[in-house]
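Only one structure is covered here, and it is reproduced in the block below.
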Amino acid sequence: MTGELPSSIIADISFIGRGGGAVKALAGFRKQHHTVPDAANAITNAFLGKICEGELAAEAERLFQAIRAGLGYRRKDLTLSVVSPLAALTAKDFAVEIFYTLEEGGPARYAVTTTLHGLRSAELTRTAEFAAIFAGKFSEISFALKRGAQVETVIDAVEALDGEGGLRVSYPSDCRECELAVAGVDARVRCTGATLDMVFPRAGAPAELMDGFAAVRGVFAMSKALGGLIG
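Everything in the sequence shown is counted per the working numbering, starting at 15 for the first residue and increasing by one.
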């Protein structure tokens, strides 16, 4: 992975988009034969995999064609596998997965998670073609940290700044993770130790999320401990 990301610190970057809908609205749901799930488990998710197959296949095929045409990929550069409830698209420069699952807290609805990962060059996200394909697709960006980070160390570093740069931190008593608020950045920043995640209120193209990351990186540079977290 080259370009805007410090490869010595970040192992991988994932762009995540979320959607969903009512189970009974899926094309494969037959009102006269099927009932809406009242729990999310292996059996009901297997049922979802059967009735969402049409939507999943159509969505994956649209994305395949958009990537093939938009980025000028040839047959050898791009493959698609659809085994409902998962579609896996593998391109020469990145991979995309689309996954359907029932909502844990309300199994009458399903969730769709689209994840772009394995990006070989962050510079690709800055191209007009890439932006057009993935416009409005992603609301989260997640960085897998090669060495990990001690959440307590991150908390202490932010608290030591005492509000400088508009950086604030909140965390549970066990410090299993922490959430940062960064002045001027319209996103929640979460550190789990293994990852650094940013969750935005609106979906956008990967380059827009990368701009938010750049702003956070600039604020982190005020602290040696935080600057070492993301370069």
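Beta carbons are placed, not taken as given, at the ideal position from N, Cα and C, and that holds for glycine.
Since the model is a prediction, treat every value here as computed from it, not as a measurement.
- With a 10 Å radius around the Cβ and a threshold of 16 neighbouring Cβ atoms, T93 comes out exposed.
- Under the criterion of beta carbons closer than 8 Å, F157 and L210 qualify as touching, at roughly 5 Å.
- Cβ contact annotation for D52 (same chain, cutoff 7 Å, sequence separation greater than five): P121, in chain order.
- With fewer than 16 other Cβ atoms inside 10 Å of its own Cβ, C189 counts as exposed.
- The C-beta separation of A195 from R182 comes to about 5 Å, placing the pair in contact by the 8 Å criterion.
- In the three-state reduction of the DSSP assignment, T58 falls in the helix class, which pools H, G and I.
- In this chain, the beta strand (DSSP E) harbouring G33 covers I24 to A36.
- Boundaries of the alpha helix (DSSP H) around E143: A142 to F148.
- The stretch 153-169 makes no contact with the stretch 51-68; the number of CB pairs closer than 8 Å stays below 3.
- Straight-line measurement puts the Cα of L70 at about 21 Å from the Cα of R89.
- In this structure, DSSP gives A101 an extended state, which the three-state scheme calls strand.
- DSSP places P220 within a helical segment (H, G or I) once states are collapsed to three.
- If only uninterrupted alpha helix (DSSP H) runs of at least 4 residues are considered, none is enclosed by the stretch 71-145.
- Put simply, of A163, F61, A201 and K238 the residue whose alpha carbon is nearest the alpha carbon of D225 is A201.
- Excluding residues up to 5 positions away in sequence, C189 lie with their Cβ nearer than 8 Å to the Cβ of E166 in the same chain.
- Excluding sequence positions up to five before and after A229, its CB lies within less than 8 Å of the CB of V196, G198 and V199, all in the same chain and listed in chain order.
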